[in-house]
Ligand code: ZN
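Numbering (our numbering), first residue to last: 112 to 418.
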């Protein structure tokens, strides 16, 4: 039993309109699902990814309209590294982000910037992962974002010491200096821990809520049992319509989810029309009329391209 690398990462945005403008229109990701937070159905849950919404390509946001900006501290992810085909693509993105009014900074082979909520991102040349790309009329295929490569998080512990929850329980490998890798059968992912700043973290806009690792469907309950046996407080299996999930907090403070690889985002929409309509789980379907009035109206930029 091993984790199949990353499934998705979930953040908080104060403004769904700006969030879609930036991640779909500027970065060129595909908005693959427009739904609500299943645990708090009055707010959006937006999923972005590659053309098919493949696990490993997914960035998601809960909208908390007007939420104050948060701040990453101990036990929180503070940067997401997206991959591009090669270092040659960084010049394209430097110009594209600058044209969109986004300040950028080069640091070695990484291009650093923040999204409209202030969350830090880096574009880095891709490693060995097969590319997961979305089409965008202004982003040439040779420069399109190819997936999510790594995250950086703040740990309250000493990053130099191996964390056995990550290695022994979850099967990550430790490379020293806070760096861990999780190798699935097709994809790998890195999580790197930095020493936490003195200021405590604050949940809010621009912060990461949780990170989800992918599991083969047949292993999912096995992972739940394994975490429980190790003394972890793990949630029941939750049906998220597009995958099934379990949640548990690890000692460094991060909220981990393990999500199944299937059924995926085409389970309730035509693959050509992903993310165009508000999709609601059966348990919240009765709220549709209210939600269509109360949620920020959001057009999927891809709907216009398709037409
Ligand atoms: Zn999640």
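All C-beta atoms in this analysis are idealised placements derived from N, C-alpha and C, irrespective of residue type, glycine included. The model shown is predicted, which means the values in this text are computed figures rather than measured ones.
In the DSSP secondary-structure assignment, residue 160 is bridged to 141.
Per DSSP, the beta bridge partners of residue 169 are 119. For residue 258, the uninterrupted beta strand (DSSP E) segment begins and ends at 258 to 266.
Rounded to the nearest angstrom, the gap between the Cα atoms of residue 314 and residue 120 is 15 Å.
Residue 364 is not a Cβ neighbour of residue 181, given a cutoff of 8 Å.
In this structure, residue 140 and residue 164 do not form a Cβ contact; the two beta carbons are roughly 10 Å apart against a cut-off of 8 Å. By the C-beta criterion, the segment 368 to 375 is judged to be in contact with the segment 322 to 329, since at least 3 inter-stretch pairs fall below 8 Å. Cβ-Cβ distances below 6 Å link residue 298 to 116, 167, 240 in the same chain, with the five nearest sequence neighbours on each side left out; the list follows chain order. The Cβ atoms of residue 378 and residue 352 lie closer than 8 Å to each other. C-alpha of residue 148 to C-alpha of residue 173: approximately 7 Å in a straight line.
Secondary structure of residue 345 (DSSP, three-state): coil. One thing to note: residue 223 has its Cβ no nearer than 8 Å to the Cβ of residue 204.
In this structure, residue 366 and residue 321 form a Cβ contact; the two beta carbons are roughly 4 Å apart against a cut-off of 8 Å.
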